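Residue numbers (the UniProt record's numbering): 672 to 902.
Read the structure below first, then the notes.
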Ligand code: ATP
């Protein structure tokens, strides 16, 4: 049968102050599946990620494996298995790569597993995180998820501004997590790597999901229509 949903947003309305951004969003992320959330700048994709990871919506519900976590603060959601891949990389710039990793993975054996899987990080362990390339920082921020797979991983524009080779590594890592049963929600403005990996695609427009369905049903016409608001 179909895998259970690890994450669900139901009828979510959310915004900032008086500005409503999400106008009734329903979105499901099944275990071991990749959902690509696509849509133009300002459509509300980042806000949808925030509602999943940390923000309490004005209306609607957020469910983690069926449990209502709508009112839970970010740290409790993180402990329960929601991994919000930090935007702006989320590393401590003045600490070395190794020190950053130690804050998440105090066990040296866990860190060695990271270095084995991501050898390009191993050679950089004494470098201040702030001096790493954007791609290295992104890999560093994702590394803890490799050793301790979350229930659901949410990545907001994970490839933004990164070199193609690193982007490839990041999406390989996503595929690996998916194969281990993690549900992934990957946000991109333009359809690209996220679409290639996706099982399900959701388009967001003006704070609503304008279309969602299997990857196989997404072709160029569908993409064009979705971005133009015709879907
Ligand atoms: P982008 O690719 O630009 O991030 P998006 O689809 O992710 O687009 P959001 O970032 O969710 O969309 O933004 C939707 C709207 O909410 C925009 O009008 C944006 O200006 C506004 N917004 C986003 N974050 C905040 C915030 N922290 N405070 C106030 N307004 C915000």
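Just so it is clear, CB atoms sit at the ideal spot from N, CA and C, and this is done for glycine as well.
All values derive from a computational prediction rather than experimental measurement.
Residue i vs residue j beta-carbon contact at 8 angstroms
i           : j           : result
residue 847 : residue 828 : no
residue 814 : residue 705 : no
residue 725 : residue 745 : yes
residue 880 : residue 697 : yes
residue 735 : residue 752 : yes
residue 755 : residue 798 : no
residue 818 : residue 851 : no
residue 723 : residue 684 : no
residue 853 : residue 822 : yes
residue 763 : residue 793 : no
residue 803 : residue 796 : no
residue 703 : residue 849 : yes
residue 882 : residue 897 : yes
residue 833 : residue 806 : yes
residue 731 : residue 680 : yes
residue 695 : residue 682 : yes
residue 895 : residue 708 : no
In DSSP terms, what residue i is bridged to
i           : result
residue 837 : DSSP, once it has assigned bridges, lists no residue as partnering residue 837.
residue 673 : Residue 673 pairs with nothing; no bridge assigned.
residue 831 : BP columns for residue 831 are empty, so no partner.
residue 686 : 691
residue 739 : 734
residue 810 : Bridge partners of residue 810: none, in fact.
residue 879 : 876
Given residue i as reference, the closest of the options once Cα atoms are compared
i           : options               : result
residue 738 : 701, 678 and 694      : 678
residue 877 : 714, 690, 681 and 701 : 714
residue 655 : 802, 820 and 791      : With the chain represented from 672 up to 902, any question about residue 655 goes unanswered, as that position is not in the structure.
residue 837 : 789, 871 and 780      : 789
residue 691 : 711, 882, 732 and 718 : 718
residue 808 : 779, 774, 742 and 761 : 761
Residue i CB to nearest heavy atom of the ligand ATP below 7 angstroms
i           : result
residue 771 : no
residue 791 : no
residue 733 : no
residue 724 : no
residue 718 : yes
residue 859 : no
residue 687 : yes
residue 690 : yes
residue 756 : no
residue 867 : no
residue 714 : yes
residue 710 : yes
Burial state of residue i, where buried means 16 or more other Cβ atoms lie within 10 Å
i           : result
residue 831 : exposed
residue 674 : exposed
residue 816 : buried
residue 701 : buried
residue 782 : buried
residue 787 : exposed
residue 747 : exposed
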